[in-house]
Each structure stands twice: as structure tokens, then as C-alpha cells.
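Asker:
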Amino acid sequence: MIRVLLAEDEPHAMDKLRELVLAQSDLRIVAECSDGLQALQAVAAKQPDLLFLDIELPGLNGIDLVKSLKRSRTPYIVVTTAYSEHAVWAFDENVVDYLLKPYDQTRFQHALHRVRLAMHNSGSAALPQQPGGSVSWYAADMLKLKVGTRIKFIAATKVRYIRAQGDFVLVNTLDQEFRVRERIKNIEDACNTGYFVRVHRSALLNINYIREMKARLHGDYEITMQDGTMFRSSASYREAVRAMARRT
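Take 1 as the starting number for the sequence shown in the numbering used here and just add one per residue.
In C-alpha cells:
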């Protein structure tokens, strides 16, 4: 069971967040706080595994609250805010995700997926995963990719498809194409949006750039992207592709 603390001063936003959390069978709310000082005290007293943190809190804002936390017992943090300008700070603090208000259930589910993945990778429900790897989510709808000695910040909406090539992946965007030494599964896990679909063990597609889909034998598809690149779905990802076909 994941112990959750909610820090939110807007009643409507708190009601929405509470409803989303209570709908998850593996989450349990241990405290709700409407100001920063109260939240800081509740973190120490309740020792939650996960903190949903609004930035603009009275008494002590979210940024100062995080700075005041004891690093030996820092919970996983998902920032909830209406302001995107705090994203750089959130990244530097290794915040798990950054929910821009107003967010919906799908976006909330993606944030939870990242939290659960981080907990699974660290083997602990209390200590956050340390920074590392060549790919991570950076702010709202942005991917941070390490390419050699450079770091690229790519808008997820511009990524057309990602194709595995041995120990590398080929990232194709509207503006450029480059290779990253990374597993495609790690990029799939990092993609927070609902418009990427894995169609094959070596292919991750942005459904917004699919031109057409042609049904083949056994329920698989031949998929043509807007730039003419073609992919074939495989049996392992058949259900995901079918679900995508129903909503596109």
C-alpha cells in the first residue's frame, strides 16, 4: 500500500485529487494539508511514500517545503500546479512528475505509472530513485534525452516514432532524427502522454502521425506514418494496437 499525503489549498482541486487517489486500490491517504507548514509537519509525522504537492501554498510554498525536507526520508513527489515555470526546479529536485492544472484522469494515471515504476526500480517505497540514465520526463510533455555529451529537450508532440536499433534507438521528430544509446522500453516508460503506442518490440509510434492502418492476417496491422515510413504490428502488442485503432 502506498501512503499518500495531499498538499493543496484550493478546495476544488483538493476534491478532484482526493477522488482520483481514492479510486486507486493501492493508494491510501494518510493526511490532507492546505498550507505548507502543516504539510511539512505532516510529512515528518506520517512519513508518506508519495506527496502530491501544490507549489502555491500559503505559509510555506512548495519549493521551500521541499528544501526543508530531511533527505533521509523524502517521499516521492508529484508536483501539481497551474504554472509551468517551476519545471526546471522540479527537474533539479528529481520530482517524479509535474502535473499542470487542469489535468485529467489519463494524465494522473501516467503520473502514477511513473511513481510505481520508480518505486519498483528502487526496491523501496520510501526512498526516491536517484537520477540516471539517458532518458527522462522533463516538465509537461517534454522528453530529456542524453545524446553523446549533449542533452536534448524534445517536445513529445514532435516525436513521430522511435525505432530500436540494437543497443540504440532512432528518434524521429518533425525537425530531426538522431540515435540515443537506450532501450526502447525505457523511453516507453518515460513517455507520459497517452498518444504513444508500442506496436512491435522495436517500434513506438505517436498516433498523431499515423496516416493509415491496413488490417493483415491474424488481426495484425500494416501501419503507414505520415512521412511514408511503414511498420507492422506484432502479436505481442496486438491488443494495444487494436485499442489504438478503436480510438483513432
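Quick reminder that beta carbons are idealized off the backbone N, C-alpha and C, glycines included.
(1) Would you report the Cα separation of Q105 and D9, rounded to the nearest angstrom?
(2) May I ask you to report which of helix, strand or coil DSSP gives L250?
(3) Can you tell me the Cβ-Cβ gap for A111 and V78, rounded? I've got them flagged as a contact below 8 Å.
(4) Quick check: the Cα distance between V197 and D97, rounded to an integer number of angstroms?
(5) By how many angstroms is the C-alpha of A23 removed from the C-alpha of F52?
(6) Hey, could you find the ends of the alpha helix (DSSP H) H200 is sitting in?
(7) Taking C-beta to C-beta, are I63 and Y83 nearer than 9 Å?
(8) Roughly how many angstroms separate the alpha carbons of V88 and M213, rounded to a whole number?
(9) Mark P11 as exposed unless 16 or more other C-beta atoms lie within 10 angstroms of its C-beta, in which case mark it buried.
(10) Please state whether DSSP places K67 in a helix, a strand or coil.
(11) Across which residues does DSSP place M213 in a beta bridge pair?
(12) Given H86, which residues of its chain have a CB within under 6 Å of its CB, disregarding the five upstream and five downstream residues?
(13) Would I154 be called buried (16 or more neighbouring beta carbons within 10 Å of its own) or exposed?
(14) Decide if H120 is buried, meaning its Cβ has at least 16 other Cβ atoms within 10 Å, or exposed.
(15) Could you give the distance in angstroms between the alpha-carbon of Q165 and the alpha-carbon of E19?
(16) In chain order, what residues of the same chain lie with their CB nearer than 6 Å to the CB of A31, ignoring the 5 residues before and after it?
(17) Which partner residues of E32 appear in the DSSP bridge assignment?
(18) CB-CB under 8 Å to L60, same chain, minus the five flanking residues each way: which ones, in chain order?
(19) Report yes if the C-beta distance between A203 and F178 is below 9 Å; otherwise report no.
(20) Between which two residues does the beta strand (DSSP E) holding D251 run?
(21) Smallest Cα separation from T81: which of R246, A13, Y221, V199?
(22) Compare the Cα-Cα distances from E93 to each of F108, V241, L65, R28 and report the closest residue.
Answerer: So, to answer that:
(1) 20 Å
(2) Since the first and last residues shown for the chain are 1 and 248, residue 250 lies out of range.
(3) 5 Å
(4) 20 Å
(5) 15 Å
(6) Element bounds for H200: not the alpha helix (DSSP H) but the beta strand (DSSP E), 196-200.
(7) no
(8) 39 Å
(9) exposed
(10) helix
(11) I223
(12) I55
(13) buried
(14) exposed
(15) 42 Å
(16) L5, A42, K46
(17) L6
(18) D35, G36, L37, A39, L40, S68
(19) no
(20) The requested residue 251 is not part of the displayed model; the chain covers only 1 to 248.
(21) A13
(22) L65
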